[in-house]
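Engineer: A single structure is presented below for examination.
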Amino acid sequence: MSGPSADLSDAKHTIRNRIIEMAERRRIDARGLKDSEIIPDTGVLDSAGIMELVIWFEMTFAITIEQSDLTLENFGTIDAMASYLQRAKSI
Amino acid sequence: MPIPVYTPRVNNNDDVVRLLRVTVKPGDAVTVGDLVAEVETEKASFTVEAERPGFVLAVLPEIGTMVEVGTILMWLGATPDEPIPTTATPLITNVALAEPTVKAAQLLAKYGLTASDVPVSGARLSAKDVDDYVLRKGAPRQTPSNRLPDPGEVVGSPSEPGTFEELSTNERGMLRTVLWQRQQAVPGYVELDYDASVWERAAAEYQKRERLLLNPLLGLMAFRLVEIVKVNKRLNTTLVGERRFVYETINVGFTVQSDTTLYLAVVRDAGKMTCREFIERLAQLQRSAMAHRLRPEEASGATVAFTSMARWNVTRHIPVLPPNTALTVAHAASTSGGRAALGATYDHRVLTGFEALSALAEISRVESIDERSVS
Numbered sequence: 203m204s205g206p207s208a209d210l211s212d213a214k215h216t217i218r219n220r221i222i223e224m225a226e227r228r229r230i231d232a233r234g235l236k237d238s239e240i241i242p243d244t245g246v247l248d249s250a251g252i253m254e255l256v257i258w259f260e261m262t263f264a265i266t267i268e269q270s271d272l273t274l275e276n277f278g279t280i281d282a283m284a285s286y287l288q289r290a291k292s293i
Numbered sequence: 013m014p015i016p017v018y019t020p021r022v023n024n025n026d027d028v029v030r031l032l033r034v035t036v037k038p039g040d041a042v043t044v045g046d047l048v049a050e051v052e053t054e055k056a057s058f059t060v061e062a063e064r065p066g067f068v069l070a071v072l073p074e075i076g077t078m079v080e081v082g083t084i085l086m087w088l089g090a091t092p093d094e095p096i097p098t099t100a101t102p103l104i105t106n107v108a109l110a111e112p113t114v115k116a117a118q119l120l121a122k123y124g125l126t127a128s129d130v131p132v133s134g135a136r137l138s139a140k141d142v143d144d145y146v147l148r149k150g151a152p153r154q155t156p157s158n159r160l161p162d163p164g165e166v167v168g169s170p171s172e173p174g175t176f177e178e179l180s181t182n183e184r185g186m187l188r189t190v191l192w193q194r195q196q197a198v199p200g201y202v203e204l205d206y207d208a209s210v211w212e213r214a215a216a217e218y219q220k221r222e223r224l225l226l227n228p229l230l231g232l233m234a235f236r237l238v239e240i241v242k243v244n245k246r247l248n249t250t251l252v253g254e255r256r257f258v259y260e261t262i263n264v265g266f267t268v269q270s271d272t273t274l275y276l277a278v279v280r281d282a283g284k285m286t287c288r289e290f291i292e293r294l295a296q297l298q299r300s301a302m303a304h305r306l307r308p309e310e311a312s313g314a315t316v317a318f319t320s321m322a323r324w325n326v327t328r329h330i331p332v333l334p335p336n337t338a339l340t341v342a343h344a345a346s347t348s349g350g351r352a353a354l355g356a357t358y359d360h361r362v363l364t365g366f367e368a369l370s371a372l373a374e375i376s377r378v379e380s381i382d383e384r385s386v387s
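Residue numbers (my numbering), protein chains in the order written: chain A, 203 to 293; chain B, 13 to 387.
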């Protein structure tokens, strides 16, 4: 399968893996994290971890995020991050 | 009368030295200051100079042999054919045993030396011995207890062997964050136990209300520090010479760790910000620091500081003070009971432990964050 939906799915998969990997460093199992769950509410990443995730997101997907875009609506969930990426890259 | 040249002490720990070379031979004329021999230990070498004019009569030890400190290295005479004493001239077998004269003792204190540092020319350590030693060697780097080190002066160089390695750019940045402390502050540390769960709930409510991506707990607590500093300006000071220097602005240093590098991101002029502005600016700086993109002005000029190791579940830590600050507040992880230690390192030259503790007590009280701050 290819096309926008496949790319979106790949992006979510990549983001999820990164979150799981980062959470593991804090000895937290994030494998059960749902795409729609609000990441700050779950506690799998702390604030510094979320910031680290944002920086990784910029580098991995080669986009620049305005500070004003760092909102719960844009980066609060895996779904939101993938949607932001879709808009940024017009996937 | 022949004059002995004694084997000098190179350092306090070595009672024997190796005779490395002899630069004169019997019959040679020497004057004061002429190099006559060189001795060494595993750590250092030391030149031996003639302290009297005369002629070399004899060199006693073989080159390359180990020689006991204080024994006679060579004899000098007024004439080249003067006989060497065969009876025992009192030998100083241990320089440290040679009692200094009163004046010599004063000079030793002045230069930060001990009697065992200085080779003795006679039965007692004389002022001339000390003066000659300092003239030959220069004033030692060792800092006398009654003198403050100059800014930038190296204090306490390693005494053990090793090699130098260049620091990376990031490591140099971290070094600048902590390097100054050995030169200036007199750090003390206080801490208090408080109910961290109240703060955590307040931060969660604030995050929800403001729809923030990042938990604002540390930002809110750091901003509380700003409010306290605005009232108590003594917390926003340092010492210059013997005068307190009170900063005009409140620049809050906030530690950010990225990979293995520690940064001090600085929110400048925080006293003029609203709570929301402060939190947003702090988030910007945290992001820049974590991406190793802090500009120099964003990583310098802190006048007070805040740090946390809660993300690693550290329940107590004693932070260093950033350059020229008097107070760093240390936030730590709470325990299962919801309580935590709130600590502060302070510069005891300008603050008392009570003042630091009072600031902590005010920060710990979440109800003291008023509507103006939170909304």
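Don't be surprised by glycine CBs; every beta carbon is placed ideally from N, CA and C.
1. Rounded to a whole number of angstroms, what is the C-alpha to C-alpha distance between residue 328/B and residue 350/B?
2. Pop quiz: residue 257/A and residue 303/B are said to be a contact at Cβ under 8 Å. What is the actual Cβ separation, rounded to whole angstroms?
3. Would residue 256/A count as contacting chain B if we go by Cβ distances under 8 Å?
4. Which stretch, first to last residue, makes up the alpha helix (DSSP H) that contains residue 287/A?
5. Taking only beta-carbon atoms, is residue 344/B less than 8 Å away from chain A?
6. Would you identify the three-state DSSP class for residue 104/B, choosing helix, strand or coil?
7. Between the segment 215 to 232 of chain A and chain B, which residues of the former have a C-beta closer than 7 Å to a C-beta of the latter?
8. May I have the straight-line CA-CA distance separating residue 400/B from residue 338/B, to the nearest angstrom?
9. Mind listing, in chain order, the continuous beta strand (DSSP E) runs of no fewer than 3 residues lying wholly within the segment 69 to 141 of chain B?
10. Applying the criterion that 16 or more other CB atoms from any shown protein chain within 10 Å of the CB defines a buried residue, is residue 92/B buried or exposed?
11. Which value, in whole angstroms, describes the spacing of the CA atoms of residue 171/B and residue 281/A?
12. Please list, in chain order, the chain A residues whose beta carbon lies closer than 7 Å to that of residue 323/B.
13. What does the alpha-carbon distance come out to for the pair residue 79/B and residue 56/B?
14. Less than 8 Å between the beta carbons of residue 69/B and residue 52/B, yes or no?
15. Leaving out the 5 sequence neighbours to the left and right, which residues in its chain are closer than 8 Å to residue 33/B when beta-carbon positions are compared?
16. With distances taken from CA atoms, which of 317/B, 373/B, 275/B, 26/B is nearest residue 311/B?
17. What residue does the beta strand (DSSP E) around residue 342/B start on, and which one ends it?
18. Residue 224/B CB to nearest chain A CB: under 8 Å?
19. In the DSSP output, what is residue 318/B paired with across the bridge?
20. Kindly say whether residue 317/B, judged by its beta-carbon, lies nearer than 8 Å to any beta-carbon of chain A.
21. State the Cα-Cα distance for the pair residue 273/B and residue 260/A, rounded to the nearest angstrom.
22. May I ask you to verify whether the segment 289 to 304 of chain B touches the segment 251 to 270 of chain B, counting CB pairs closer than 8 Å and requiring at least 3?
23. Along the chain, where does the alpha helix (DSSP H) that runs through residue 369/B open and close?
24. Helix, strand or coil, according to DSSP, for residue 272/A in the structure here?
25. Considering Cα atoms alone, identify which of 309/B, 31/B, 352/B is closest to residue 22/B.
26. Helix, strand or coil for residue 21/B? Go by DSSP, reduced to three states.
27. Taking 8 Å as the threshold (beta carbon to beta carbon), is residue 302/B in contact with chain A?
28. Just the C-alpha distance for residue 204/B and residue 147/B, rounded to the nearest angstrom, thanks.
29. Just to confirm my understanding: we take residue 35/B, look at its own chain, exclude 5 residues before and 5 after, and list those with CB closer than 7 Å. What are they?
30. Have a look at residue 116/B and residue 129/B and give me their C-alpha separation to the nearest angstrom.
31. If you draw a straight line from the alpha carbon of residue 18/B to that of residue 114/B, how long is it in whole angstroms?
32. Pick helix, strand or coil for residue 255/A, following the three-state DSSP scheme.
33. Please state the DSSP three-state secondary structure of residue 57/B.
34. Got a sec: is the Cβ-Cβ distance from residue 277/A to anything in chain B below 8 Å?
35. Is the segment 243 to 250 of chain B close to the segment 347 to 367 of chain B, with three or more CB pairs under 8 Å?
36. Using the beta-carbon of each residue, which ones in chain B are nearer than 9 Å to residue 273/A?
Structural biologist: Once the coordinates are examined:
1. 14 Å
2. 5 Å
3. yes
4. 280 to 291
5. no
6. Residue placement at residue 104/B is poorly supported in this model, since its pLDDT is 41, which falls under 50; the coordinates still yield a value, given next. Coil at residue 104/B, not helix or strand.
7. none
8. Absent from the structure is residue 400/B, since the part of chain B shown begins at 13 and ends at 387.
9. 78 to 80, 84 to 89
10. exposed
11. Bear in mind that the predicted position of residue 171/B carries a pLDDT of just 47, short of 50, making it unreliable; the figure below should be weighed with that in mind. So the alpha carbons of these two residues sit roughly 59 Å apart.
12. 248, 250
13. 15 Å
14. no
15. 49, 50, 75
16. 275/B
17. 339 to 343
18. yes
19. 266/B, 341/B
20. no
21. 20 Å
22. yes
23. 365 to 376
24. coil
25. 31/B
26. coil
27. yes
28. 54 Å
29. 47, 48, 49
30. 12 Å
31. 22 Å
32. helix
33. strand
34. yes
35. yes
36. 223, 224, 225
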